[in-house]
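S.K.:
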Amino acid sequence: MVKAIGSDSAHDLANLTDEVLMSRYRDDGTEAVFNELVRRYERELYRYLARYIGDANLADDVFQNTFLQIHLKRGLFEDGRPFRPWLYSIATHQAIDSLRKVGRHPALSLDQQVQGSQAGSDAGSLLDLLVNEGVGPLGELEEQERQQWVRDSILRLPETLRQTLILAYHQDLKYREIADILKIPVGTVKSRLHAAISKLQEMASSAKRDGKD
Numbered sequence: 002m003v004k005a006i007g008s009d010s011a012h013d014l015a016n017l018t019d020e021v022l023m024s025r026y027r028d029d030g031t032e033a034v035f036n037e038l039v040r041r042y043e044r045e046l047y048r049y050l051a052r053y054i055g056d057a058n059l060a061d062d063v064f065q066n067t068f069l070q071i072h073l074k075r076g077l078f079e080d081g082r083p084f085r086p087w088l089y090s091i092a093t094h095q096a097i098d099s100l101r102k103v104g105r106h107p108a109l110s111l112d113q114q115v116q117g118s119q120a121g122s123d124a125g126s127l128l129d130l131l132v133n134e135g136v137g138p139l140g141e142l143e144e145q146e147r148q149q150w151v152r153d154s155i156l157r158l159p160e161t162l163r164q165t166l167i168l169a170y171h172q173d174l175k176y177r178e179i180a181d182i183l184k185i186p187v188g189t190v191k192s193r194l195h196a197a198i199s200k201l202q203e204m205a206s207s208a209k210r211d212g213k214d
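Just so we're aligned, residue 2 is where the sequence shown starts under our numbering, counting upward by one.
Next comes the structure, spelled out in structure tokens:
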């Protein structure tokens, strides 16, 4: 993980917002501010990357590269901009680049919940959603086979749909945060997520008609 670089006990940073901290780091590069941002997101962001990538060592590398990018791009941070989506945007793109270099795809937690307050008919875990809909062969498969079928099908989705689906079912991110990460409107996030799930349902129905698992 990223190690703290220096310390400054003269500053009480704990009660400052992420945005104030990032603006201060942009303006004066105070090491204690960098340390506080790393401390706040060390566990949360690493868990996200570990689930997204599916490899602890690679996730650690991406985590460190993410905060290196925070340092290098600090001058681009604008006052009034939410820090968390900006951080996750950098982390996600770093993860995608790293996976492409090693010829791998993102992992996916099929049990991660999407909250009903924002997801509507797409609320719940992805696996439960598809199984409860009675789609295709899923209801006839064992748990492990179901998960493998869904993972394989996700890899066949178009890149834009797959990326949105992974972000929605990996981390408790709001639609607005996903929109900021992908740099698309909130409405596009919703439509892509719905389209991704619909596409998976179509794949399952087609597999059932063809007699496939």
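Glycine included, every Cβ here is placed at the ideal spot set by N, Cα and C.
For R105, which three-state DSSP category applies?
M.R.: In the sequence shown, residue 105 corresponds to position 104, counting from 1. Residue state, collapsed to three classes: coil.
S.K.: Express the C-alpha separation of M23 and A60 in angstroms, rounding to a whole number.
M.R.: Numbered from 1 along the sequence shown, position 59 holds the residue referred to as residue 60. Numbered from 1 along the sequence shown, position 22 holds the residue referred to as residue 23. Going by the C-alpha atoms only, they are around 23 angstroms apart.
S.K.: Under a three-way DSSP split, which group does G55 fall into?
M.R.: Position 54 of the sequence shown, counting from 1, holds the residue named residue 55. Of the three classes helix, strand and coil, the one that applies to G55 here is coil, per DSSP.
S.K.: Among E178, L158, L50, Q149, which one has its Cα closest to the Cα of E203?
M.R.: Locating residue 203 in the sequence shown gives position 202, where the first residue counts as 1. Of the listed residues, the one whose Cα sits closest to E203 is L158.
S.K.: May I ask you to report which of helix, strand or coil DSSP gives I185?
M.R.: As a working mapping, residue 185 is identified with position 184 in the sequence shown. Coil at I185, not helix or strand.
S.K.: Once DSSP output is grouped into helix, strand and coil, what is the label at G7?
M.R.: Translated into the one-based positions of the sequence shown, residue 7 becomes position 6. Low confidence applies here, because G7 scores a pLDDT of 45, under 50, leaving its location unreliable; read the following figure in that light. Note: G7 maps to coil in three-state DSSP.
S.K.: Given this structure, state the Cα-to-Cα distance separating S90 from I179, to the nearest angstrom.
M.R.: Residue 90 sits at position 89 when you count from the first residue of the sequence shown. Residue 179 sits at position 178 when you count from the first residue of the sequence shown. Straight-line Cα distance between these residues: approximately 8 angstroms.
S.K.: Between the Cα of G81 and those of Y170, D181, V21, spot the shortest distance and give me the residue it belongs to.
M.R.: On the sequence shown, position 80 is the one that residue 81 refers to. Comparing Cα positions, the closest option is V21.
S.K.: Going by the CB atoms, is the gap between T18 and F68 shorter than 9 angstroms?
M.R.: Position 67 of the sequence shown holds residue 68. Position 17 of the sequence shown holds residue 18. Taking 9 angstroms as the Cβ cut-off, F68 and T18 do not qualify as a contacting pair.
S.K.: In whole angstroms, what separates the C-alpha of L88 from that of H72?
M.R.: Taking the sequence shown and counting its residues from 1, the one referred to as residue 88 is at position 87. Taking the sequence shown and counting its residues from 1, the one referred to as residue 72 is at position 71. Their backbone Cα atoms lie some 11 angstroms apart in a straight line.
S.K.: What is the DSSP secondary structure of L46, reduced to helix, strand or coil?
M.R.: Locating residue 46 in the sequence shown gives position 45, where the first residue counts as 1. In the structure shown, L46 sits in a helix (DSSP, three-state: H, G or I).
S.K.: Using only the alpha-carbon positions, how far apart do L46 and L100 sit?
M.R.: On the sequence shown, residue 46 is found 45 positions in, with the first residue counted as 1. On the sequence shown, residue 100 is found 99 positions in, with the first residue counted as 1. Those two C-alpha atoms are separated by around 17 angstroms.
S.K.: With distances taken from CA atoms, which of V190, K184, P186, I185 is nearest Y170?
M.R.: Here residue 170 corresponds to residue number 169 of the sequence shown, with the count starting at 1. Considering only alpha carbons, the answer is V190.
S.K.: Would you mind giving the Cβ-Cβ distance between T165 and L201, rounded to the nearest angstrom? I have them listed as a contact below 8 angstroms.
M.R.: If you number the sequence shown from 1, residue 165 lands on position 164. If you number the sequence shown from 1, residue 201 lands on position 200. Going by Cβ atoms, the distance from T165 to L201 rounds to 13 angstroms, so no, they are not a contact pair.
S.K.: Can you give me the start and stop residues for the alpha helix (DSSP H) that D80 sits inside?
M.R.: For the purposes of this step, residue 80 is taken as residue 79 along the sequence shown, with counting starting at 1. Per DSSP, D80 belongs to no alpha helix (DSSP H) and is neither H nor E.
S.K.: Would you tell me roughly how many angstroms separate the C-alpha atoms of L162 and R177, rounded to the nearest one?
M.R.: Taking the sequence shown and counting its residues from 1, one reaches residue 162 at position 161. Taking the sequence shown and counting its residues from 1, one reaches residue 177 at position 176. Spanning the two alpha carbons is a distance of roughly 17 angstroms.
S.K.: Which of helix, strand or coil does DSSP assign to L201?
M.R.: Along the sequence shown, one-based indexing puts residue 201 at 200. In this structure, L201 counts as helix in the three-state DSSP scheme.
S.K.: Let me check understanding here. Comparing Cα to Cα, which of I167, A205, I185 lies closest to Y49?
M.R.: Against the sequence shown, residue 49 aligns to sequence position 48. Per the Cα distances, I167.
S.K.: Report the three-state DSSP secondary structure of D19 (helix, strand or coil).
M.R.: Taking the first residue of the sequence shown as position 1, residue 19 is located at position 18. Looking at D19 - three-state DSSP - the assignment turns out to be helix.
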